[in-house]
Amino acid sequence: TQLLEQSPQFLSIQEGENLTVYCNSSSVFSSLQWYRQEPGEGPVLLVTVVTGGEVKKLKRLTFQFGDARKDSSLHITAAQPGDTGLYLCAANFGNEKLTFGTGTRLTIIP
Amino acid sequence: DTAVSQTPKYLVTQMGNDKSIKCEQNLGHDTMYWYKQDSKKFLKIMFSYNNKELIINETVPNRFSPKSPDKAHLNLHINSLELGDSAVYFCASSHRTDTQYFGPGTRLTVL
Numbered sequence: 005t006q007l008l009e010q011s012p013q014f015l016s017i018q019e020g021e022n023l024t025v026y027c028n029s030s031s032v033f034s035s036l037q038w039y040r041q042e043p044g045e046g047p048v049l050l051v052t053v054v055t056g057g058e059v060k061k062l063k064r065l066t067f068q069f070g071d072a073r074k075d076s077s078l079h080i081t082a083a084q085p086g087d088t089g090l091y092l093c094a095a096n097f098g099n100e101k102l103t104f105g106t107g108t109r110l111t112i113i114p
Numbered sequence: 064d065t066a067v068s069q070t071p072k073y074l075v076t077q078m079g080n081d082k083s084i085k086c087e088q089n090l091g092h093d094t095m096y097w098y099k100q101d102s103k104k105f106l107k108i109m110f111s112y113n114n115k116e117l118i119i120n121e122t123v124p125n126r127f128s129p130k131s132p133d134k135a136h137l138n139l140h141i142n143s144l145e146l147g148d149s150a151v152y153f154c155a156s157s158h159r160t161d162t163q164y165f166g167p168g169t170r171l172t173v174l
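Protein chains in written order, with the numbering used here: chain A, 5 to 114; chain B, 64 to 174.
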């Protein structure tokens with residue numbers, strides 16, 4: 005069974021600070037996606053990374069795919085209250101389904 | 064112009080009852096999914112249908128029966144509801160294994 009562990013599980017920081025969320029697995033995955041979910045809504049895709057070592061930027065969000073394709077990170081610069089939400093990584097282990105991570109609940113305090 | 068819609072949004076019912084959740088997508092996708100999100104926010108796939116054919120069936124009690132009348136619809140029927148079935152159920156759709164688009168969720172509470 006492939007598992008995706010996210011850390012930290014909960015994170016509460018002040019507006020303007022930087023943060024990093026991690027997603028780790030013991031198995032290699034072919035691609036990885038990051039989603040953000042707000043209360044009462046479904047997850048919304050932020051980015052997909054497919055190449056080991058790949059770095060993608062989405063405004064203040066930077067996503068990195070580990071060289072060994074077993075881990076990924078999401079870095080947010082100058083966090084804003086609108087960044088508050090549940091961040092989920094999801095991996096494709098080559099079996100036609102997405103396996104979701106354990107989630108990180110982020111709260112940005114104004 | 065809703066992409067993936069689910070009904071109802073909230074469902075409160077007694078243990079032992081049978082209930083259905085409906086899902087529709089207007090994105091022209093060929094693959095639809097049902098996920099369950101528990102109280103700890105862990106999201107786990109239950110079923111996946113491609114062109115109305117079941118392709119993924121995780122370890123889900125057979126009280127749960129998905130039905131896909133056409134490519135745009137995937138409904139979930141649950142028999143003999145149990146307390147442990149309380150969760151948020153999400154429908155999603157995609158074109159093959161591309162990006163999945165999620166519905167707003169159905170919060171099921173079994174009393």
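Every residue, glycine too, gets a C-beta built ideally from N, C-alpha and C. Bear in mind that the values here come from a model prediction, so they are computed numbers and not experimental data.
Supposed close pair residue i, residue j - CB separation, criterion 8 angstroms
i: Pro-114 (chain A); j: Pro-85 (chain A); result: 5 angstroms
i: Cys-86 (chain B); j: Leu-137 (chain B); result: 5 angstroms
Cβ of residue i within 8 angstroms of any chain A Cβ
i: Ile-119 (chain B); result: yes
i: Leu-74 (chain B); result: no
i: Ile-108 (chain B); result: yes
i: Thr-162 (chain B); result: yes
i: Phe-127 (chain B); result: no
i: Ser-68 (chain B); result: no
i: Ser-156 (chain B); result: no
i: Gly-147 (chain B); result: no
C-alpha distance - residue i paired with residue j, whole-angstrom precision
i: Ala-135 (chain B); j: Thr-70 (chain B); result: 14 angstroms
i: Gln-68 (chain A); j: Gln-41 (chain A); result: 20 angstroms
i: Arg-159 (chain B); j: Arg-170 (chain B); result: 27 angstroms
i: Glu-9 (chain A); j: Ser-29 (chain A); result: 6 angstroms
i: Lys-104 (chain B); j: Ala-82 (chain A); result: 26 angstroms
i: Gly-166 (chain B); j: Gly-79 (chain B); result: 26 angstroms
i: Asn-114 (chain B); j: Tyr-39 (chain A); result: 25 angstroms
i: Glu-45 (chain A); j: Gly-98 (chain A); result: 27 angstroms
i: Ile-118 (chain B); j: Asp-87 (chain A); result: 35 angstroms
i: Tyr-91 (chain A); j: Leu-110 (chain A); result: 7 angstroms
i: Glu-58 (chain A); j: Leu-7 (chain A); result: 21 angstroms
i: Ala-95 (chain A); j: Ser-68 (chain B); result: 24 angstroms
i: Glu-21 (chain A); j: Leu-15 (chain A); result: 12 angstroms
i: Lys-130 (chain B); j: Gly-91 (chain B); result: 18 angstroms
i: Ile-108 (chain B); j: Ile-17 (chain A); result: 31 angstroms
Assigned exposure category for residue i - 16 Cβ within 10 Å defines buried
i: Asp-133 (chain B); result: exposed
i: Ile-141 (chain B); result: buried
i: Lys-61 (chain A); result: exposed
i: Arg-126 (chain B); result: exposed
i: Lys-72 (chain B); result: exposed
i: Thr-55 (chain A); result: exposed
Same chain, Cβ closer than 7 angstroms to residue i, neighbours up to 5 away in sequence not counted
i: Pro-12 (chain A); result: Thr-108
i: Gln-77 (chain B); result: Leu-174
Short CB-CB distance (under 8 angstroms) between residue i and chain B
i: Phe-69 (chain A); result: no
i: Thr-106 (chain A); result: yes
i: Pro-12 (chain A); result: no
i: Gly-20 (chain A); result: no
i: Thr-117 (chain A); result: Missing from the structure shown is residue 117 (chain A); chain A here goes from 5 to 114 and no further.
i: Pro-47 (chain A); result: yes
i: Lys-60 (chain A); result: no
i: Leu-102 (chain A); result: yes
Sequence-distant residues of its chain with Cβ nearer than 6 angstroms to residue i (five each side left out)
i: Thr-24 (chain A); result: Ser-77, His-79
i: Val-75 (chain B); result: Thr-172
i: Gly-168 (chain B); result: Val-151, Phe-153
Cut-off 8 angstroms between Cβ atoms - residues of its own chain near residue i, not counting five sequence neighbours on either side
i: Asp-81 (chain B); result: His-140, Ile-141, Asn-142, Ser-143, Leu-144
Note to self: Closer than 9 angstroms between beta carbons: that is the criterion. Which residues of the region 73–99 of chain A meet it against chain D?
What the structure shows: The chain inventory of the structure shown lacks chain D, comprising the protein chains A and B.
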